[in-house]
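Remarks on the structure that follows.
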Amino acid sequence: MRGPADPVDEGSARRTAESARRPAEPAAEPAVAPAAVHAGDGWALRPASIEDVEEIAFAELELFPDEAWNVFQLAAEIEHPDRRYVIAATGPQGKGEMLGYAGIMLAGDIADLHTIGTRREGAGIGRALLGWCEGQARAGGAERMLLEVREDNTRARAFYTAAGYREIDRRRGYYRIRGRRIDALVMERDLT
Ligand SMILES: CC(C)(COP(=O)(O)OP(=O)(O)OC[C@H]1O[C@@H](n2cnc3c(N)ncnc32)[C@H](O)[C@@H]1OP(=O)(O)O)[C@@H](O)C(=O)NCCC(=O)NCCS
21 MRGPADPVDE GSARRTAESA RRPAEPAAEP AVAPAAVHAG DGWALRPASI EDVEEIAFAE
81 LELFPDEAWN VFQLAAEIEH PDRRYVIAAT GPQGKGEMLG YAGIMLAGDI ADLHTIGTRR
141 EGAGIGRALL GWCEGQARAG GAERMLLEVR EDNTRARAFY TAAGYREIDR RRGYYRIRGR
201 RIDALVMERD LT
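Convert by adding 20 to the 1-based position in the sequence shown; the result is the number in this note's numbering.
Okay, here's the thing in structure tokens:
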């Protein structure tokens with residue numbers, strides 16, 4: 021779903037299936053927004069809103085320096101009716117400092133994990149974000165969650181494997197990062 025005109029040349033499709041890399045169409049209706057969920061010690065999950073775009077963009081630069089999404093791409097994502105984005109932030113309602121974020125695309129019986137990232141690794145935030153996304157995927161009718169991950173992202177691969185995902189495909193040379201080709205692994209989890 022990444023925005024650049026040529027996603028492969030820009031190495032822009034770090035996280036999602038092919039279909040998910042199309043630029044988001046304008047939103048027809050607002051996304052469903054469940055209430056904040058207490059998730060961890062001093063932090064909580066809440067649905068992302070357009071006000072979060074700038075902070076997510078900063079986090080993108082920290083977490084994905086080679087392929088950060090910009091505020092326009094993120095705004096189109098968050099406002100799209102088939103996307104569900106979540107924020108992890110400090111405070112009981114998740115209104116404090118942003119600690120992480122994630123988002124999915126709903127596509128019939130499949131959902132694609134578009135992005136996930138945490139600023140405080142190893143504290144269970146990623147697991148909570150992913151669980152929220154899976155819950156939203158199920159609620160939206162998805163029976164499977166798909167994602168793409170760079171082959172060299174060993175931490176994310178371990179994280180997904182621990183969450184029950186398995187590799188189902190490899191896309192050779194899918195990413196080009198500073199001229200270097202890196203394979204994408206497609207991973208999947210049954211949500212039924
Ligand atoms: C991948 C990422 C989202 C994981 O989030 P996290 O908050 O650190 O993960 P959690 O603390 O919820 O860990 C959940 C489980 O994943 C596994 N896991 C997480 N990090 C791991 C590591 N470095 N090695 C092995 N297993 C790991 C563990 O099983 C862990 O459970 P445990 O703590 O009970 O052992 C986070 O590291 C991140 O933001 N990375 C940078 C951005 C990125 O690469 N995103 C993915 C793009 S495809």
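Glycine is no exception: its CB is placed at the ideal position from the N, C-alpha and C atoms.
Quick one: residues in its chain with C-beta nearer than 8 Å to the C-beta of Asp129, no 5 flanking neighbours on either side, listed in chain order? By one-based count along the sequence shown, residue 129 stands at place 109. Within the same chain, Asp129 has close Cβ partners Gly161, Ala162, Glu163, Arg164.
Given 7 Å as the limit, tell me if Ala176 has its C-beta closer than that to any heavy atom belonging to ligand 1. Against the sequence shown, residue 176 aligns to sequence position 156. Yes, ligand 1 has a heavy atom inside 7 Å of this Cβ.
Which residue marks the beginning of the beta strand (DSSP E) containing Arg192, and which one marks its end? For the purposes of this step, residue 192 is identified with residue 172 of the sequence shown, where counting begins at 1. Start and end: 186 to 197.
For the putative contact between Ala77 and Ala148, defined by C-beta atoms under 8 Å, what is the C-beta separation to the nearest angstrom? Residue numbering aside, residue 77 sits at position 57 when the sequence shown is read from its first letter. Residue numbering aside, residue 148 sits at position 128 when the sequence shown is read from its first letter. At roughly 22 Å, the Cβ-Cβ gap does not stay under 8 Å, so Ala77 and Ala148 are not in contact.
Alpha carbon of Asn173 to alpha carbon of Leu133, nearest angstrom: In the sequence shown, counting from the first residue as 1, residue 173 sits at position 153. In the sequence shown, counting from the first residue as 1, residue 133 sits at position 113. Between Asn173 and Leu133, the C-alpha separation is close to 16 Å.
Quick check on the DSSP output: the alpha helix (DSSP H) that includes Glu80 runs from which residue to which? Here residue 80 corresponds to residue number 60 of the sequence shown, with the count starting at 1. 73 to 83 is the extent of the alpha helix (DSSP H) around Glu80.
Own chain partners of Leu150 with C-beta closer than 7 Å, once the 5 adjacent residues on each side are dropped: Sequence index remark: in the sequence shown, residue 150 carries index 130 (1-based). Around Leu150: Ala122, Ile136, Ala183.
Ala148 - partner residues in DSSP beta bridges: Position 128 of the sequence shown, counted from the start, is the residue given in the question as residue 148. Ala148 pairs with nothing; no bridge assigned.
Does the stretch 63 to 79 touch the stretch 100 to 115, meaning 3 or more C-beta pairs lie closer than 8 Å? yes
Do you know how far the Cα of Trp152 is from the Cα of Leu211? Within the sequence shown, the letter at position 191 stands for residue 211. Within the sequence shown, the letter at position 132 stands for residue 152. Taking the straight line from one Cα to the other gives about 12 Å.
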